[in-house]
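Chemist: I have a structure I would like to understand better, so I am pasting it below and will then ask my questions one at a time.
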Amino acid sequence: MTKGTSTRQERRRAELEQRRVQRRTRQSQQQRSLLLPLSIAGVAIGAIAVIAFAVFSAPPAAVDLNEPTVSTPVGLADGQALGAADAPVTLEIYSDFQCPACGTLARSLEPLLISEYVTPGNVRLVYRDFAFLGQESIDAAVAARCAARENRFWQYHDYLFANQSGENRGAFSAGRLSAMAEAVGLDMDAYRACIADPTEAQAVLDARETADSVPISSTPTLVIDGGQPIVGVPDYNELSAALDAALAAGGE
Amino acid sequence: MLAGGAGERRRDGLLMAALAFAALLVALYLAAVKLTGGSPVCGPLAGCDTVNSSIYSELLGVPVALFGALASAAVLGAAVWWWIRGARWALLAAYLIGLASLPFLAYLTYLELFVIGAICVWCVTYALLVIGGWLVATATLIGRRRIPAPPS
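As you go down the protein sequences, you meet chains A and B in turn.
Residues in the first sequence are numbered from 20 upward in steps of one, following the numbering used here.
Residues in the second sequence are numbered from 3 upward in steps of one, following the numbering used here.
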């Protein structure tokens, strides 16, 4: 009896073991049949992630910039000033990079002024920010100040005025300002750090307040040796006469 | 009860969890550096800063390292679950997340080598840790499919 019971128990155990192995074999087969499609799905998800990443992180399309038609000689550049520090006459130009008349002044009058008065050492030109036409005016002024940190303000100034296109319509978007920074050869890491530095934006706002106190009410406005403001784009001969008069007065 | 035994499962689970944890730390470090605007410590090797400040270091304004941290956290959870509970789905999840990460890691390495032109040692370390964890998961999965032959 005991031996018979023991045999039955052993048989029962063997049956249970066999069922367990069969169950695991079935599970294993199920796993095997699932693993391939799941693996394909996993690789597909990874590939979709790559495609999404490639699309969304693609570098911006190349920015199409106008090359400046004038090129300010930068040998005498001193930040936002141009010309000898001891020049007898100082000509301040209050300007907004978005203002079309300022662009006209920069492209037509400034080259003449520079060749006839600045390069000979008679006049020191000082660019004064009067950024009043909106956010892109401020952004452009900040970017130009960042260029000034590397003494490339005047090259940047030429690029800005060559790329005017309406007001606050993207001509001076961050991407285009950055492209101009690259075009004039700025250290782009330093440029990005400078753009993010709130002190430059504050300096632009402070310059506006200072200009208000002159008082400046529109751009461009020119001031010779702190005298009476000349509003708008002057006739070159009249401006030349005023500068000659200032030089004569300074020479006395 | 388990192919290779519970001891083997614990060993593999622990190894997967350790690799996922290390990967998580690396990804969190890179994400923190990116979010705080700092520079990763790169030792004598250059390139970490170049890679971490490139346009490819973020996706829609979110640091890419943060996605890596999420994936590694998920693998870590699955590995720990497998290690402690022996749940088959957890092992499968660790395997699949690792597998889905591989094309992405390959693409990022391609960008480093051929587009950015700089190698970030942290990124390479992260990739190796993920690949290591995936290999362990794969080996464990294949090992579990080896069923002993039924007694004759």
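Backbone N, C-alpha and C fix where the C-beta goes; we use that ideal spot for every residue, glycine too.
1) Determine the DSSP secondary structure at B/Arg90, reduced to helix, strand or coil.
2) Looking at C-alpha atoms only, which residue of A/Gln99, A/Phe191, A/Asp115 is the closest neighbour of A/Leu84?
3) Buried or exposed for A/Asn170, please, with buried defined as at least 16 other CB atoms from any protein chain shown within 10 angstroms of its CB.
4) Within the same chain, show all residues whose beta-carbon is closer than 8 Å to that of A/Val108, passing over the 5 residues directly before and after it, in chain order.
5) Spell out the partners DSSP gives A/Asp97 in its beta bridges.
6) Going by beta-carbon coordinates alone, are A/Leu101 and A/Thr88 separated by less than 8 Å?
7) Does chain B have any CB closer than 8 Å to the CB of A/Ile112?
8) Checking the sheet assignment: what are the DSSP bridge partners for A/Leu110?
9) Please report the distance separating the alpha-carbon of B/Gly145 from that of B/Gly134.
10) Span of the alpha helix (DSSP H) holding A/Gln221?
11) Taking 8 Å as the limit between beta carbons, can you name the residues of its chain near B/Ser58, skipping five residues before and five after?
12) In chain B, which residues lie less than 8 Å from A/Gly65 when you measure between Cβ atoms?
13) DSSP has B/Val64 in a bridge; who is on the other side?
14) When you compare the CB positions of A/Gln117 and A/Gly153, do they come within less than 8 Å of one another, or not?
15) I want to see whether chain A comes within less than 8 Å of B/Tyr58, judged by CB atoms only; does it?
16) Just to confirm the assignment: which complete beta strand (DSSP E) runs, minimum length 3, are found wholly within the stretch 17-77 of chain B?
17) Using C-beta distances below 8 Å, list every residue in its chain close to A/Ala200, excluding the 5 sequence neighbours before and after it, in chain order.
18) Does A/Phe72 come within less than 8 Å of chain B when only Cβ atoms are used?
19) How many angstroms separate the CA atom of A/Val74 from the CA atom of B/Gly63?
20) At the 8 Å Cβ level, is B/Tyr128 part of the contact set with chain A, yes or no?
21) Does chain A have any CB closer than 8 Å to the CB of B/Leu62?
22) Can you check whether the C-beta of B/Leu21 is within less than 8 Å of a C-beta belonging to chain A?
23) Beta carbon of A/Phe172, beta carbon of A/Ala230: below 8 Å?
24) Following the continuous alpha helix (DSSP H) through A/Asp177, name the residue where it begins and the one where it ends.
25) Between the C-alpha atoms of B/Thr52 and B/Gly70, what's the straight-line distance to the nearest angstrom?
26) Is DSSP giving A/Val82 helix, strand or coil here?
27) CA-CA distance, B/Leu61 and B/Leu27?
28) Taking 8 Å as the CB-CB limit, is B/Leu239 close to chain A?
29) Identify the residues that DSSP records as bridge partners of A/Ile249: which are they?
Modeler: Let me lay it out:
1) Looking up residue 90 of chain B in the second sequence gives position 88. Here B/Arg90 sits in helix by DSSP.
2) Mapped onto the first sequence, residue 84 of chain A falls at position 65. Closest option to A/Leu84, Cα to Cα, is A/Phe191.
3) One-based indexing of the first sequence puts residue 170 of chain A at position 151. Exposed, since its Cβ has fewer than 16 Cβ neighbours within 10 Å.
4) In the first sequence, counting from the first residue as 1, residue 108 of chain A sits at position 89. For A/Val108, where only same-chain residues beyond five positions count, the Cβ hits under 8 Å are Tyr136, Asn141, Val142, Arg143, Ile243, Asp244, Leu262, Ala265, Leu266, Gly269.
5) Position 78 of the first sequence holds residue 97 of chain A. Paired residue(s): A/Ala100.
6) Taking the first residue of the first sequence as position 1, residue 101 of chain A is located at position 82. Taking the first residue of the first sequence as position 1, residue 88 of chain A is located at position 69. Contact: no.
7) Residue mapping note: residue 112 of chain A aligns to position 93 of the first sequence, counting from 1. No, its Cβ sits nowhere closer than 8 Å to a Cβ of chain B.
8) Walking along the first sequence from the start, residue 110 of chain A turns up at place 91. Answer by DSSP bridge pairing, in chain order: A/Leu144, A/Ile243.
9) The residue given as residue 145 of chain B occupies position 143 in the second sequence. The residue given as residue 134 of chain B occupies position 132 in the second sequence. Cα to Cα, the separation comes out at about 16 Å.
10) On the first sequence, position 202 is the one that residue 221 of chain A refers to. Note, A/Gln221: alpha helix (DSSP H), 217-231.
11) The sequence position of residue 58 of chain B within the second sequence is 56, counting from 1. First, the amino acid is wrong: residue 58 of chain B is Tyr here, not Ser. So the list reads Val66, Leu110, Leu113, Val117, Ile118, once near-sequence residues are dropped.
12) Locating residue 65 of chain A in the first sequence gives position 46, counting from the first residue. Correct list: Leu101, Ala102, Ser103, Leu104, Pro105, Phe106.
13) As a first step, residue 64 of chain B must be located in the second sequence, where it is residue number 62. Beta-bridge pairing links B/Val64 to B/Leu61.
14) Locating residue 117 of chain A in the first sequence gives position 98, where the first residue counts as 1. Locating residue 153 of chain A in the first sequence gives position 134, where the first residue counts as 1. Contact: yes.
15) Working through the second sequence from its first residue, we reach residue 58 of chain B at position 56. Judged by the 8 Å Cβ criterion, B/Tyr58 is in contact with chain A.
16) none
17) Locating residue 200 of chain A in the first sequence gives position 181, where the first residue counts as 1. Closer than 8 Å at Cβ, skipping near neighbours: Ala162, Cys165, Ala166, Tyr175, Met207, Tyr210.
18) In the first sequence, the residue the question calls residue 72 of chain A occupies position 53. Chain B, which has a Cβ nearer than 8 Å to the Cβ of A/Phe72, makes this yes.
19) Along the first sequence, read from residue 1 onward, the residue named residue 74 of chain A stands at position 55. Along the second sequence, read from residue 1 onward, the residue named residue 63 of chain B stands at position 61. Whole-angstrom Cα-Cα distance: 14 Å.
20) Taking the second sequence and counting its residues from 1, one reaches residue 128 of chain B at position 126. Cβ-Cβ to chain A under 8 Å: no for B/Tyr128.
21) Here residue 62 of chain B corresponds to residue number 60 of the second sequence, with the count starting at 1. Judged by the 8 Å Cβ criterion, B/Leu62 is in contact with chain A.
22) Numbered from 1 along the second sequence, position 19 holds the residue referred to as residue 21 of chain B. Taking Cβ atoms only, chain A never reaches closer than 8 Å to B/Leu21, which makes this a no.
23) Here residue 172 of chain A refers to the residue found at position 153 when the first sequence is read from its first residue. Here residue 230 of chain A refers to the residue found at position 211 when the first sequence is read from its first residue. Contact flag unset, no.
24) Your numbering for residue 177 of chain A matches position 158 in the first sequence. That run of the alpha helix (DSSP H) goes 172-181.
25) Here residue 52 of chain B is taken as the residue at index 50 of the second sequence, counted from 1. Here residue 70 of chain B is taken as the residue at index 68 of the second sequence, counted from 1. If you take the alpha carbons of B/Thr52 and B/Gly70, they lie about 19 Å apart.
26) Within the first sequence, numbered from 1, the residue matching residue 82 of chain A stands at position 63. Looking at A/Val82 - three-state DSSP - the assignment turns out to be coil, as it is neither helix nor strand.
27) Within the second sequence, residue 61 of chain B is the residue found at index 59, counting from 1. Within the second sequence, residue 27 of chain B is the residue found at index 25, counting from 1. Roughly 20 Å separates the two Cα atoms.
28) One cannot answer for residue 239 of chain B here, as it falls past the ends of chain B, which runs 3 to 154.
29) Residue 249 of chain A sits at position 230 when you count from the first residue of the first sequence. A/Leu241, per the DSSP bridge assignment.
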